[in-house]
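Numbering (the working numbering), first residue to last: 275 to 553. From the three backbone atoms N, C-alpha and C, an ideal C-beta is built for every residue, glycine too. Predicted model, so just to flag it, every value in this text is computed and none were measured.
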Ligand code: AMP
Ligand code: MN
Ligand code: MN
Ligand code: MN
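Below is the structure:
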């Protein structure tokens, strides 16, 4: 089938990271929303994939094993989505372990800093909310909202969880080159997630994308969750300029928040969809 006639959602989260639905629930929900091709891309973990597979076998949705790796390039934070990876590939597994340890260390530091600012036991609570999954800033945010310290996500991130605020702790994550190598080494396609969300100038974004291509990266998210049609058009320009394959994904985290699974705008013309190969 023609890729353009399929509904692809190649970026979303489950309880393996900071989503609120179990991997099986994400798959079922996507299938109910008419998604044909779904990639589960939890932050720095593939722990949800097995359950997602089991669920995908019960419907006719095609599941692409994915991940969203935290990376940095020249001091800038980047998220690199890996699609169609072999989650058992040893170098990728080692990379995931490194990132998991960094997350844990960061969470402890965030807890200490928040305690100094008068907010106690936030690490323990974030950990509790994360359960078996990777602990993220989203879990700190959920706890601080639950505790009545902040009113919503925008408020809690702005006041506590970004640079210059009491709960922020800088991490260098993996290098962008390592993240791409782990993905491509595991047979996957590396995609720059939500390129407009890093607040980079066009000049910086062009530098990032050149380096990303040199490192073996192949794709860029053109249509993503909270993009306006104008954002999609702008992202498309970067895709064409750097000859990158176009990806799309909702970046779904929980029902009722931001964008629903599979509810995405149309891919601008003149781009090659990354999901063509799975169509
Ligand atoms: P982490 O990878 O632990 O730094 O957490 C990043 C996650 O926090 C992102 O994937 C989003 O889900 C969430 N996040 C970041 N900024 C915001 C924001 N301003 N409002 C709501 N959620 C956010
Ligand atoms: Mn997230
Ligand atoms: Mn992201
Ligand atoms: Mn994401």
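Using CA atoms only, rank isn't needed, just tell me which of the options is closest to residue i.
i           : options            : result
residue 376 : 391, 410, 355      : 410
residue 552 : 542, 481, 293, 336 : 336
residue 367 : 459, 478, 527, 450 : 459
residue 523 : 478, 425, 424, 354 : 354
residue 292 : 418, 527, 535      : 527
residue 483 : 464, 505, 499      : 464
residue 467 : 418, 430, 356      : 356
Between residue i and residue j, how many whole angstroms is the CB-CB distance? I'm expecting something under 8 Å.
i           : j           : result
residue 407 : residue 396 : That belief does not hold up - the Cβ atoms of residue 407 and residue 396 are roughly 17 Å apart, past 8 Å.
residue 513 : residue 497 : The pair is not a contact, with the Cβ atoms about 10 Å apart (cut-off 8 Å).
residue 322 : residue 290 : 3 Å
Please return the same chain residues whose Cβ sits closer than 7 Å to the Cβ of residue i, not counting the five positions on each side in sequence.
i           : result
residue 447 : 344, 345, 346, 373, 376
residue 439 : 433
residue 361 : 320, 323, 339
residue 309 : 281, 283, 335, 535, 536
residue 413 : 292, 400, 403, 404
residue 542 : 496, 506, 507, 510
So residue i is in the beta strand (DSSP E); what residue range does that whole segment cover?
i           : result
residue 344 : 336–347
residue 495 : 493–498
residue 522 : 519–523
residue 464 : 463–466
residue 350 : 350–357
residue 313 : 311–314
So, for residue i: in the same chain, excluding its five sequence neighbours on each side, which residues have a beta-carbon less than 8 Å away from its beta-carbon?
i           : result
residue 301 : 312, 314, 326, 329, 330, 333, 335, 337
residue 508 : 470
residue 487 : 516, 517, 518
residue 503 : 539
For the alpha helix (DSSP H) that residue i lies in, which residues bound it at each end?
i           : result
residue 453 : 450–459
residue 417 : 411–420
Enumerate in chain order the residues of its own chain whose CB-to-CB distance from residue i is below 6 Å, with the five nearest sequence positions on each side excluded.
i           : result
residue 476 : none
residue 307 : 535, 536
Please write down, chain order preserved, every residue whose beta carbon lies under 7 Å from a heavy atom of ligand 4. 285, 287, 315, 317, 342, 353, 467, 525
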